[in-house]
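K.L.:
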Amino acid sequence: MENKNENLLMAPLWLMYPEIPNGSIGWRMGYGEGYAIDFYLWFNKLEEDEKKKYKEMFPEPKRWEIEDNIYEYNNYWTYTWQKDGKPEYDLNNLISDYKDGKNLEYIYFWGHHPKKDGGITKSCFSQWWKSRFNIGHTEYLFMEQYMMAEKARFFGDKEIEEKIMNSYDPKEIKSFGRKVRGFDEEIWNRAKYSIIINGNYNKFMQNERLKTFLLSTGDKILVEASPYDNVWGIQMSEEDVNIKNPELWRGENLLGFALMEVRNEIKRVCKNSNMIDWVSLHKRYS
Numbered sequence: 001m002e003n004k005n006e007n008l009l010m011a012p013l014w015l016m017y018p019e020i021p022n023g024s025i026g027w028r029m030g031y032g033e034g035y036a037i038d039f040y041l042w043f044n045k046l047e048e049d050e051k052k053k054y055k056e057m058f059p060e061p062k063r064w065e066i067e068d069n070i071y072e073y074n075n076y077w078t079y080t081w082q083k084d085g086k087p088e089y090d091l092n093n094l095i096s097d098y099k100d101g102k103n104l105e106y107i108y109f110w111g112h113h114p115k116k117d118g119g120i121t122k123s124c125f126s127q128w129w130k131s132r133f134n135i136g137h138t139e140y141l142f143m144e145q146y147m148m149a150e151k152a153r154f155f156g157d158k159e160i161e162e163k164i165m166n167s168y169d170p171k172e173i174k175s176f177g178r179k180v181r182g183f184d185e186e187i188w189n190r191a192k193y194s195i196i197i198n199g200n201y202n203k204f205m206q207n208e209r210l211k212t213f214l215l216s217t218g219d220k221i222l223v224e225a226s227p228y229d230n231v232w233g234i235q236m237s238e239e240d241v242n243i244k245n246p247e248l249w250r251g252e253n254l255l256g257f258a259l260m261e262v263r264n265e266i267k268r269v270c271k272n273s274n275m276i277d278w279v280s281l282h283k284r285y286s
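Its first residue numbered 1, the sequence shown is counted upward by one per residue in UniProt numbering.
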């Protein structure tokens, strides 16, 4: 296949088509194959110092390697980002920062509806926010669908998985997720956080407006101010007088911390994406 892009800065595979995982058949057939062939023809013509500079400019995402960062259970596997799939952030570290008197800025979110005009709000951080994204050939309507489908796959419940994937209602999907057969909370706890960060990485990487909104939060602490959830949220409402004191939170805030980790990764991976002429690139590969 002829390389059409001698003078065009090519995007790395993971930025061009973030929906196609490394090692996927999507890079060996279809639109992914054509781009991958042209990319490597272009890349291999670079001088060694240019290749090194390119790799520094466009670092691989943590989920790109497929050997050293995998958690497996029976026939299921998922990417891990930190050692043993542990979160980069947690409540204990936040409490330490609070006690040390650090200036902590929070963004509290709960609910899943956009503005009446369709504008993006902090509600986009919700697992129920409707925003289509793909992982390989599979499309998801919102993160709740991805998480619950992965839960069903994790425990090998194909019947519940099918019901989850055929539903358009996040509330119904959540109820299906609670019916997964063979569920073991201790085992699930080893994988659930990795599942959440991988899903949210895809959600925000594949939706430019959502990605821009997430990055606009800077280094602020993201907090799911759900008065009901003591795992993914803090089991407190935004109006609670004690909400700025993490010592008094009644939940782990795993979703908020996961989104912060996703934000860091997207910031790292996309740090030089503005150097790419996306209009020309997509025009050639549309």
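Each residue gets a CB set at the ideal place from its N, CA and C atoms; glycine is no exception.
Treat the numbers as computed from the prediction; the structure is a model and nothing was measured.
Using a threshold of 8 Å, state whether the C-beta atoms of G182 and F155 are closer than that.
P.N.:
The answer is yes: Cβ separation under 8 Å.
K.L.:
Under three-state DSSP, which class holds I278?
P.N.:
Rather than Ile, the amino acid found at residue 278 in this sequence is Trp. The answer is helix: DSSP assigns W278 an H, G or I state.
K.L.:
I'd like to check one pair, S194 with T121: are the Cβ atoms closer than 8 Å?
P.N.:
For T121 and S194, no; Cβs fall outside 8 Å.
K.L.:
Kindly give me the distance between the Cβ atoms of residue 302 and Y106, rounded to whole angstroms, as I take these residues to be in contact under 8 Å.
P.N.:
Nothing about residue 302 can be reported from this structure: the residues present for the chain run from 1 to 286 only.
K.L.:
What three-state label does DSSP hand I243 in the structure shown?
P.N.:
Here I243 sits in coil by DSSP.
K.L.:
For the putative contact between M10 and W42, defined by C-beta atoms under 8 Å, what is the C-beta separation to the nearest angstrom?
P.N.:
With a Cβ gap of about 5 Å, M10 and W42 count as contacting.
K.L.:
Let me know if S280 comes out buried or exposed under the rule of 16 or more other beta-carbons within 10 Å of its beta-carbon.
P.N.:
Exposed.
K.L.:
Count the other CB atoms within 10 Å of the CB of E67; is the residue buried (16 or more) or exposed (fewer)?
P.N.:
Exposed is the call here.
K.L.:
Mind checking whether S254 and L222 have CB atoms under 8 Å apart?
P.N.:
Just to set this straight, residue 254 is Leu in the shown sequence, not Ser. Their beta carbons are not under 8 Å apart, which means L254 does not touch L222 by this criterion.
K.L.:
Is it right to say W129 is buried, meaning 16 or more other beta carbons lie within 10 angstroms of its own, or is it exposed?
P.N.:
It counts as buried.
K.L.:
Near S286, what residues of its chain come up, given a Cβ to Cβ distance below 8 Å and the 5 sequence neighbours on each side ignored?
P.N.:
Counting only Cβ-Cβ distances below 8 Å, and skipping sequence neighbours, we find nothing.
K.L.:
To the nearest angstrom, how far is it from the Cα of E247 to the Cα of G233?
P.N.:
Their backbone Cα atoms lie some 14 Å apart in a straight line.
K.L.:
Taking the Cβ atom as the reference point for each residue, do P18 and M205 lie within a distance shorter than 8 Å?
P.N.:
Result yes, Cβ atoms of P18 and M205 sit closer than 8 Å.
K.L.:
I'd like to know if V223 contacts chain C, where contact means its C-beta is closer than 8 Å to some C-beta of that chain.
P.N.:
You won't find chain C in this structure, because it holds only one protein chain.
K.L.:
Among R63, K102, L104, which one has its Cα closest to the Cα of G85?
P.N.:
Comparing Cα positions, the closest option is R63.
K.L.:
If we ignore side chains and look at the alpha-carbon of each, how far apart do N166 and E159 end up?
P.N.:
Each residue's alpha carbon lies about 11 Å from the other.
K.L.:
Can you tell which of I197, N242, T212 has the C-alpha that lies nearest to the C-alpha of K271?
P.N.:
Nearest of I197, N242, T212 to K271, Cα basis: T212.
K.L.:
Using the C-alpha atoms, what's the distance from I37 back to I196?
P.N.:
Approximately 32 Å, taken between the alpha carbons.
K.L.:
Between G32 and G26, how many whole angstroms is the CB-CB distance? I'm expecting something under 8 Å.
P.N.:
That pair is a contact at about 4 Å.
K.L.:
Using a threshold of 8 Å, state whether the C-beta atoms of S226 and W110 are closer than that.
P.N.:
In contact: S226 and W110 (Cβ atoms closer than 8 Å).
K.L.:
According to DSSP, is T138 helix, strand or coil?
P.N.:
DSSP places T138 in strand when its eight states are reduced to three.
K.L.:
Check the DSSP bridge columns for Y73 and list the partner residues they point to.
P.N.:
Answer is Y76, bridged to Y73.
K.L.:
When you compare the CB positions of Y201 and E161, do they come within less than 8 Å of one another, or not?
P.N.:
Cβ distance not < 8 Å, so Y201 and E161 don't count as in contact.
K.L.:
From this set, W249, S131, M147, which residue's C-alpha is nearest Y98's C-alpha?
P.N.:
Selected option, being the one with the closest Cα: W249.
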